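These protein sequences, in sequence, are chains A and B.
Position 261, counted from 1, in the first sequence is what the numbering used here calls 261; the numbers after and before it change by one each time, with no gaps.
Position 328, counted from 1, in the second sequence is what the numbering used here calls 328; the numbers after and before it change by one each time, with no gaps.
Idealized CB from N, CA, C, for every residue including glycine.
In this text, all values refer to a predicted model and were calculated from it rather than measured experimentally.
Read through the structure below, which is laid out as structure tokens, and then see the notes.
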Amino acid sequence: MQYDFLSHDPALDDPLPAVDRARLLTQLRAYVPADTIVDETEAMRPFECDGLTVYRCLPLVVVLPHTVEQAQSVLRICHAEGVPVVTRGAGTGLSAGALPCANGVLLVLTRLNRILEIDNERRLARVEPGVRNIAISEAVAAFDLYYAPDPSSQLACSIGGNIGENAGGVHCLKYGLTVNNVLALKVLTIEGELLELGGPGLESPGFDLVSLLIGSEGMLGVVVEITVKLLVRPPSTQTMMVSFDDVAAAADTVANIISAGVIPAGLEMMDNLTICAVEEFIAVGYPTDAAALLLVEMDGEEQDVLEQLNQCAEIARETGATAIHVAESEAERARLWRGRKSAFPALARLKPDYYCIDGTIPRSAIAEVLAYIKDAGDRAGFQVANVFHAGDGNLHPLIIFDSNVEGIIPRVEDLAGLIMEKCVAVGGTITGEHGVGREKINQMAAQFGDAEIAQFMRVKEALDPQKLLNPGKNIPTLRRCQEYRSIMSSRAEPAAAGASGGLS
Amino acid sequence: MSTPADLSNKLKLAITDARDSGGSLGIVSGGSKSTAAALGGDSTLDISGHRGIVAYQPTELVVTVRAGTPVAELDAALDEQGQMLACEWPDLGGRATVGGSVATGIAGPRRPYGGGGRDVVLGVRLINGLGEVLSFGGQVMKNVAGYDLSRLMVGSRGCLGVLLDVSLKLVPQAPRDITQLITMPSSADAATYTLNLIRQSMPVSASCYHNGQLWLRLSGSESALNKLDLGPRVEEGDDLSFWQDLKNRELPFFNNPEQPLWRIALPEGIGELPLDGQILSEWHGCLRWYRGGADNVRQVVSDLGGFAQRMDGDYATEPAPVEQDPVQQRWHERLRAAFDPDRVFNPALNFGGATGEH
């Protein structure tokens, strides 16, 4: 089933250039090998969406280069011919950031999957963008090193996509996001030129273009090589499971732990709906009678870990924890985390579809926003599960629904919009780690004013004047912003409104 | 303590006036890193009056502070709550401000172990060259809406906009810091020794080698630090003043105006530098201070994959050697024009052909 809620709209989006497909294919065939080109409709099907499967679109052609030079050729052709280019890695993204452009090339970099260099001494790895996130940590495990950012999709997601979205994970509270763990990039400009940014040292002259590129959703350049920082595996790691009979008490515990001066390596929260779904799915030993559960992980020197774990347990008890359990073995610790990382698929078994939101809020607002979500969900007639990076204040409410129900998608999008706007209202953001992509293009108007949007566009045009890279993503046009804001302000009672708040 | 004041409107007006009259501005604050003359501009825009903490909730580990606020004042407020900035900005005798520290991308002794400016900036409010007040990023830990224009401000030297407020990520102070003083035959040995500790997950938070001595700061819990046996410790109190003097360039090493001072950033694992003169190393060798008369400093350092800047005098205008890469230059020029098309800000600073400190 295909939804056109957010498909390209000539009235609200920048016009897409007309492209002569036959001419494009001829050009591509002249410069890149035949086995890199996929142009038959059925063969292109697997590429028509990313992890947010409700949005689908077939590109004109898919190209899977084996080498950086081939990617360079593709960009040169597209630049010369004025053809849009959407870059994609493993396609696990959740914001339709890698949604193909109907008039463009889909440049898939999964074949650029070599680990080029492991520098054990300097604790660096130089990798191609198609390398999977987990493969880096696996390749350096023998040196007792690892790559810290660990999105839940880390078995499948590629490091190039992590750069595009500035991916986070369960350990970024202590170790930072992708941007805090990358030292250098090699980037192809839309003109097909190779640019080297950053370096193995801690400083480089000039603007911090590495930071600018990270999280830019493939709209400023195409990243073809990444130098990541590796960390030394801590000597001791302990995980504690804390149960609560009240969601607010769990939320307060999170704020109290942080304010006590403790930074856990991971601090995750899940609600009863999630706990039960996970238990039914893989039975990891979560207490199904708890209203909320915290997973608290400490790592570092053994003595420090024990002291901090005790301190957290004390805080949790004082804040109303009903049970506290420290994993007794490495196997049990792994099991507790497997439950957390399986939460999305577990919830997916409740109804055919789920829609994941990614707002980040101040920690002090967690209880308030969770109550709002429950209330808004009830009023809109949806179950909403919560499993999220509580230590970072990064929520992942999952609206559970069945897309076979007629007209349900706009209602889901309405509820999602309300939750995102609530996040902005309490001082947070519409997206913490999944990116804007196409999915949240309208909510950008809630997050930013016209002047900021215009500044984003000038940055885009500075580096990609023809706006060929990933068109229609991340930054909405001012027309779209105005339209969205006028619809929002005309909504008298948002959740109860029968009409869709969407733009079409 | 200075009086907090919000000069946003006044600054905006000054920028709009300058732009409308075809003029330009040199942006200064505490004057610890540059003079107005070095930045160019028909007149000076002094942001030092725009100061004060806008919001600070210790439980959120975030502070929002006006750009003209002295670093020393911010540090004192954070210290009261047992928190700090991981990048350990120099306070330069009370003159360094938050805005200048972000704009120059400077960082102190904790840089390799705790993070730099790009790791602490979460959000900014700024005025671009069109006189528009813009907000990017925010006060939360994770935020990927739009391009990351707040981190882009780190090291941009005021060429993209005048910073108004900056939201910074904080960390709790460690329960305890200790400093060890260890005799070492060479800076390379000192670096190896320090890296070995890091490989053993020891909580190294600063390192400095000079005159045969390695100064090593470790930060952690009382019990963990007590288990370490690395030799004699520096008396409590003396250690504090050593690191303070190091980050503020007040050690005797820095006090020798006879010879030029260079700041040299290097990749890890580079041995002794082939330069005649005195060297003080920080960051287990990734940062070196050179005092001496060599005339080929830039070339030597660039060949080793690093870059050097003159730090005495008006170092802000001293061009660091950049890649003479035309694409890099184009991106710098176009980005600058995207924020400040009429080149109102710091016109003497040139990112296109020569780039300054970052």
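Nearest to residue 98/B (by Cα), restricted to the options 47/B, 141/B, 270/B and 310/B:
Translated into positions along the second sequence, residue 98/B becomes position 98. Nearest of 47/B, 141/B, 270/B and 310/B to residue 98/B, Cα basis: 47/B.
May I ask you to report which of helix, strand or coil DSSP gives residue 163/A?
Stepping through the first sequence from its first residue, residue 163/A is reached at position 163. It is helical.
Closer than 8 Å at the beta carbon, the chain B residues around residue 462/A:
In the first sequence, residue 462/A corresponds to position 462, counting from 1. Near residue 462/A (Cβ distances below 8 Å), the residues of chain B are 331, 334, 335, 337 and 338.
Across which residues does DSSP place residue 383/A in a beta bridge pair?
What you label residue 383/A is simply residue 383 of the first sequence in a count that begins at 1. Answer by DSSP bridge pairing, in chain order: 400/A.
Beta-carbon proximity list for residue 294/B, same chain, < 8 Å, skipping 5 on both sides:
If you number the second sequence from 1, residue 294/B lands on position 294. If we look at residue 294/B and ignore the five residues flanking it on each side, its Cβ neighbours are 275, 276, 277 and 300.
Going by the DSSP bridge assignment, what does residue 276/A pair with across the sheet?
Within the first sequence, the letter at position 276 stands for residue 276/A. None, per the DSSP bridge assignment.
Leaving out five residues on either side along the sequence, give the residues of the same chain with a beta carbon under 8 Å from the beta carbon of residue 139/A.
Position 139 of the first sequence, counted from the start, is the residue given in the question as residue 139/A. 115, 118 and 125, listed in sequence order.
DSSP-derived helix/strand/coil call for residue 371/A
Taking the first sequence and counting its residues from 1, the one referred to as residue 371/A is at position 371. If DSSP states are grouped into helix, strand and coil, residue 371/A belongs with the helices.
Outcome for residue 253/A when other beta-carbon atoms lying within 10 angstroms are tallied against a minimum of 16
In the first sequence, the residue the question calls residue 253/A occupies position 253. With 16 or more Cβ atoms within 10 Å of its Cβ, residue 253/A is classed as buried.
Could you give the distance in angstroms between the alpha-carbon of residue 460/A and the alpha-carbon of residue 219/A?
Counting from 1 along the first sequence, the entry for residue 460/A is found at position 460. Counting from 1 along the first sequence, the entry for residue 219/A is found at position 219. Those two C-alpha atoms are separated by around 7 Å.
For residue 107/A, which of 134/A, 154/A, 274/A and 161/A has the nearest alpha-carbon?
Reading the first sequence from its first residue, position 107 is the one you call residue 107/A. Per the Cα distances, 161/A.
When DSSP builds the beta bridges, which residues end up paired with residue 241/A?
Locating residue 241/A in the first sequence gives position 241, where the first residue counts as 1. Beta bridge pairing from DSSP links residue 241/A with 295/A and 325/A.
Say whether chain A places a C-beta atom closer than 8 Å to the C-beta of residue 141/B.
Locating residue 141/B in the second sequence gives position 141, counting from the first residue. Yes, residue 141/B counts as interfacial toward chain A.
Could you spell out where the beta strand (DSSP E) holding residue 106/B opens and where it closes?
As a position in the second sequence, residue 106/B is number 106, starting the count at 1. Looking at the DSSP string, residue 106/B is not in any beta strand (DSSP E), and its letter there is neither H nor E.
Is residue 360/A closer than 8 Å to residue 339/A when the C-beta atoms are compared?
To locate residue 339/A, count along the first sequence from 1; it is residue 339. To locate residue 360/A, count along the first sequence from 1; it is residue 360. No; because the gap between Cβ atoms is not below 8 Å, this pair is not in contact.
Return the Cβ separation of residue 473/A and residue 437/A in integer angstroms, given the expectation that the two are a contact with Cβ distance under 8 Å.
As a working note, residue 473/A is residue 473 in the first sequence. As a working note, residue 437/A is residue 437 in the first sequence. Right, their Cβ atoms sit about 5 Å apart.
Taking Cβ positions only, does residue 346/B come closer than 8 Å to chain A?
Along the second sequence, read from residue 1 onward, the residue named residue 346/B stands at position 346. So, not an interface residue.
Within 10 angstroms of its Cβ, does residue 18/A collect 16 or more other Cβ (buried), or is it exposed?
Numbered from 1 along the first sequence, position 18 holds the residue referred to as residue 18/A. Here residue 18/A is exposed, its C-beta having fewer than 16 other C-beta atoms within 10 Å.
State the Cα-Cα distance for the pair residue 32/B and residue 235/B, rounded to the nearest angstrom.
By one-based count along the second sequence, residue 32/B stands at place 32. By one-based count along the second sequence, residue 235/B stands at place 235. Their backbone Cα atoms lie some 30 Å apart in a straight line.
For my contact list, residue 158/A and residue 131/A are in at a C-beta cut-off of 8 Å; report their separation, rounded to the angstrom.
Residue 158/A sits at position 158 when you count from the first residue of the first sequence. Residue 131/A sits at position 131 when you count from the first residue of the first sequence. 6 Å between Cβ atoms; contact.
By the 10 Å Cβ neighbour count, where 16 or more other Cβ atoms means buried, how is residue 211/A classified, buried or exposed?
Counting from one through the first sequence, the residue named residue 211/A turns up at place 211. Residue 211/A is buried by the Cβ-count criterion.
Residues in the stretch 184-211 of chain B with C-beta within 9 Å of chain A's C-beta atoms, listed in sequence order?
195, 198, 199, 200, 201, 202 and 203
Note down the Cα distance separating residue 20/A from residue 82/A, rounded to an integer number of angstroms.
The sequence position of residue 20/A within the first sequence is 20, counting from 1. The sequence position of residue 82/A within the first sequence is 82, counting from 1. If I take the Cα positions, the gap works out to 10 Å.
What are the partner residues of residue 262/B, as DSSP defines its beta bridges?
The residue given as residue 262/B occupies position 262 in the second sequence. Paired residue(s): 290/B and 310/B.
Runs of 3 residues minimum, wholly inside the stretch 39-67 of chain A: which ones carry the beta strand (DSSP E) assignment?
61-63
Across the stretch 262-269 of chain B and the stretch 191-205 of chain A, are there enough close Cβ pairs to call them in contact, namely three or more that are closer than 8 Å?
yes
Determine which residues of the stretch 251-285 of chain A have a Cβ less than 9 Å from any Cβ of chain B, and write them out in chain order.
255, 256, 258, 259, 260, 261, 262 and 263
By the 10 Å Cβ neighbour count, where 16 or more other Cβ atoms means buried, how is residue 55/B classified, buried or exposed?
For the purposes of this step, residue 55/B is taken as residue 55 along the second sequence, with counting starting at 1. Exposed.
Own chain residues within Cβ distance below 6 Å of residue 305/A, not counting five before or after
Here residue 305/A is taken as the residue at index 305 of the first sequence, counted from 1. So the qualifying residues of the chain are 236, 238 and 298.
Rounding to the nearest angstrom, what Cα-Cα distance links residue 335/B and residue 463/A in this structure?
Translated into the one-based positions of the second sequence, residue 335/B becomes position 335. Translated into the one-based positions of the first sequence, residue 463/A becomes position 463. The alpha-carbon atoms of residue 335/B and residue 463/A are separated by roughly 8 Å.
Cutoff 8 Å: residue 452/A Cβ touching any chain B Cβ
For this step, residue 452/A is matched to residue 452 along the first sequence. True, the Cβ-Cβ gap to chain B drops below 8 Å.
When DSSP labels each residue in this structure, what does residue 319/B get in the three-state scheme?
For the purposes of this step, residue 319/B is identified with residue 319 of the second sequence, where counting begins at 1. Note that residue 319/B scores 49 on pLDDT, short of 50, meaning its location in the model is unreliable; the coordinates nonetheless yield the value given after this. Of the three classes helix, strand and coil, the one that applies to residue 319/B here is coil, per DSSP.
Would you kindly work out how many angstroms separate the C-alpha atoms of residue 357/A and residue 399/A, rounded to a whole number?
Reading the first sequence from its first residue, position 357 is the one you call residue 357/A. Reading the first sequence from its first residue, position 399 is the one you call residue 399/A. Near 8 Å, if we compare the C-alpha coordinates of residue 399/A and residue 357/A.
Cβ pair residue 62/B, residue 169/B closer than 8 Å
Indexing the second sequence from 1 puts residue 62/B at position 62. Indexing the second sequence from 1 puts residue 169/B at position 169. Less than 8 Å separates the beta-carbon of residue 62/B from that of residue 169/B.
For residue 153/B, which three-state DSSP category applies?
For the purposes of this step, residue 153/B is identified with residue 153 of the second sequence, where counting begins at 1. Of the three classes helix, strand and coil, the one that applies to residue 153/B here is coil, per DSSP.
For the pair the stretch 249-258 of chain B and the stretch 188-196 of chain B, tell me if three or more CB-CB distances fall below 8 Å.
no
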